[in-house]
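Okay, so here's the structure we're looking at.
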Amino acid sequence: MTPILSDALAPPDCPRQDIRSVQCSTIVKHVAIILYDGFSLLDAGTLAEALHVANELQSQSSNHSVTYRVNLISAGGGAVACSSSMMVWTEHFSTRDFDRLDNLFVPSGSGVAHASVDDNLIDLLRLVCARGVRVTAIGNGHMVLSAAGVARRDWPSMKHDIRLRSLSASAAEHDRDQALVTSLALLKMDLGAELAARVADRLGSDGGRTLAPAFEEMDAKTLAEKARASARWIVQNCAKPISVGDAARTSSMSERNFLRLFKRELGVTPSKYLLGARLDLTCKLLANSDLPVDKIARRTGLSNGERLSKLFRKELSMSPTEFRTQSRRKS
């Protein structure tokens with residue numbers, strides 16, 4: 001029996017001489033949807049369709065950077081019944097298959113409680129997570145992740161209880177919106193907001209207008225998360241000779257846009273934030289070690305003792321030695 005849905009997402013072989021076709025050098029991302037008895041076919045189908053549309057839209061332009069290949073898998077392989085009793089054929093992934101897997105999605109469904117006590121399914125999820133695969137749940141699919149001891153992971157800005165329609169919307173409409181927004185988050189991260197918005201326009205009801213508020217929120221919060229992630233990176237690497245350009249590259253942004261975003265979200269420039277991180281590290285070393293000031297300066301990315309002393313005078317109105325003396329008196 002041929003797997004349902006997954007074949008539809010596999011691009012055609014690259015013709016050798018047709019330069020307008022999808023280039024063979026395009027990055028291929030392998031996405032798996034793990035199914036269990038009672039899973040939501042609407043979730044799985046919406047996710048698969050969104051990735052298919054992304055492939056299709058890219059094939060119509062010269063910028064085809066990512067091709068998604070989708071596989072439907074299960075703990076034992078073979079036929080799995082969805083919540084409406086339709087049988088769907090799934091593959092059984094072997095250990096070597098996990099090495100090429102980029103994303104795994106767990107759909108919601110009426111059978112999630114039984115799936116949460118399925119030892120084979122739980123072991124499979126734990127193995128996937130141990131390989132560093134990005135695992136995301138849709139709707140109540142997070143119950144299966146919890147049973148496997150996997151930390152629930154929301155896409156930046158994603159809310160599992162987000163409501164995109166009116167309170168009178170049916171459960172099916174709501175489930176589809178959950179799956180679609182999750183799909184858009186993946187597409188936005190991989191391909192940018194513009195293409196994700198085009199997919200939303202293609203798949204969203206009412207021309208995608210009901211998805212607009214959630215998509216705008218996803219965009220804004222994703223940017224905020226980028227700024228916070230960059231701030232964490234600066235703190236973790238402040239002792240190294242890093243620059244604002246290095247921090248901008250960690251967010252895949254131009255330096256100009258990064259500076260604007262960082263200042264908006266953190267309230268200070270990246271340079272000022274880096275200086276503060278280096279001074280905090282310096283204070284800890286002064287208080288908790290007997291290292292000479294000059295050596296501490298080199299270890300915290302502040303070049304030398306002279307520069308460190310000037311910074312302390314400017315920022316703390318005292319010398320490093322005075323700070324060390326005061327901190328030890330307090331302790």
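Residue numbers (UniProt numbering): 1 to 331.
Beta carbons: idealized from backbone N, C-alpha and C, even for Gly.
Please read these numbers as outputs of a predicted model, since none were measured by experiment.
On the CB-based measure, 16 or more other CB atoms within 10 Å of its CB, does residue i come out buried or exposed?
i    : result
M87  : exposed
R278 : buried
H52  : buried
P15  : Unreliable positioning characterises P15 in this predicted model, as indicated by a pLDDT of 40, which lies under 50. The coordinate reading is nonetheless provided below. Its Cβ having fewer than 16 others within 10 Å, P15 is exposed.
K330 : exposed
V106 : buried
K272 : exposed
K314 : exposed
Q60  : exposed
T269 : exposed
R307 : exposed
R328 : exposed
K240 : exposed
T282 : buried
K310 : exposed
D280 : exposed
N304 : exposed
V293 : buried
S289 : exposed
T325 : exposed
T321 : exposed
For residue i and residue j, I'd like the C-alpha separation in whole angstroms.
i    : j    : result
S146 : E194 : 33 angstroms
L41  : S83  : 7 angstroms
A200 : T182 : 11 angstroms
R249 : C238 : 15 angstroms
V235 : G276 : 9 angstroms
S317 : L291 : 21 angstroms
L72  : A44  : 9 angstroms
L203 : W233 : 36 angstroms
T67  : S85  : 31 angstroms
L285 : V128 : 40 angstroms
G78  : L47  : 21 angstroms
D123 : A81  : 20 angstroms
E49  : D177 : 13 angstroms
M189 : G301 : 32 angstroms
M158 : T136 : Unreliable positioning characterises M158 in this predicted model, as indicated by a pLDDT of 37, which lies under 50. A coordinate reading is not provided.
A247 : G267 : 16 angstroms
At which residues does the alpha helix (DSSP H) containing residue i begin and terminate?
i    : result
A44  : 41-59
R329 : 320-330
Y273 : 270-288
K314 : 305-316
T250 : 244-250
K295 : 293-299
A148 : No alpha helix (DSSP H) holds A148; DSSP gives it neither H nor E.
A239 : Counting along the chain, A239 falls outside any alpha helix (DSSP H), and DSSP gives it neither H nor E.
R100 : First-last for R100: undefined, no H or E at that position.
V112 : 112-115
L195 : 193-203
Determine the extent of the beta strand (DSSP E) in which residue i is found, giving its start and end residues.
i    : result
K263 : Taken as a continuous stretch (DSSP letters only), K263 belongs to no beta strand (DSSP E), being part of the alpha helix (DSSP H) at 255-266.
M87  : 87-90
L127 : No beta strand (DSSP E) contains L127, which is instead part of the alpha helix (DSSP H) from 119-130.
N103 : 103-106
G141 : Looking at the DSSP string, G141 is not in any beta strand (DSSP E), and its letter there is neither H nor E.
M69  : Note on identity: in this sequence residue 69 is Arg, with Met being the wrong assignment. Note, R69: beta strand (DSSP E), 66-73.
V80  : 78-81
A32  : 27-34
On a CA-only basis, which of the options is nearest residue i? Give me that one, please.
i    : options                : result
T143 : D123, V117, L124       : Checking the sequence shown, residue 143 turns out to be Met, not Thr. When each option's Cα is compared against that of M143, the closest is V117.
A196 : A113, L57, G76, S271   : L57
V150 : L316, L121, T321       : L121
V112 : G141, T90, T269, N103  : G141
A227 : P241, K263, R328, R198 : K263
S110 : A148, T321, I138, D119 : I138
L125 : A179, S74, E91         : S74
F323 : G301, A287, F98, S251  : A287
D102 : H92, A81, A32          : A32
R100 : G76, A115, V70, S108   : V70
F93  : L184, H30, A148, N55   : H30
V244 : A224, L274, W89        : L274
D119 : L104, E91, G76         : G76
Any heavy atom of the ligand ATP closer than 7 angstroms to the Cβ of residue i?
i    : result
R313 : With respect to the ligand ATP, the structure offers nothing, as it holds no ligand at all.
Original post:
Three or more beta-carbon pairs under 8 angstroms between the segment 255-263 and the segment 295-304, yes or no?
Top reply: Judged by Cβ distances under 8 angstroms, the segment 255-263 makes no contact with the segment 295-304, as fewer than three pairs qualify.
Original post:
Quick one: any contact between the segment 128-135 and the segment 35-48, if contact means 3 or more CB pairs under 8 angstroms?
Top reply: Segments in contact, no.
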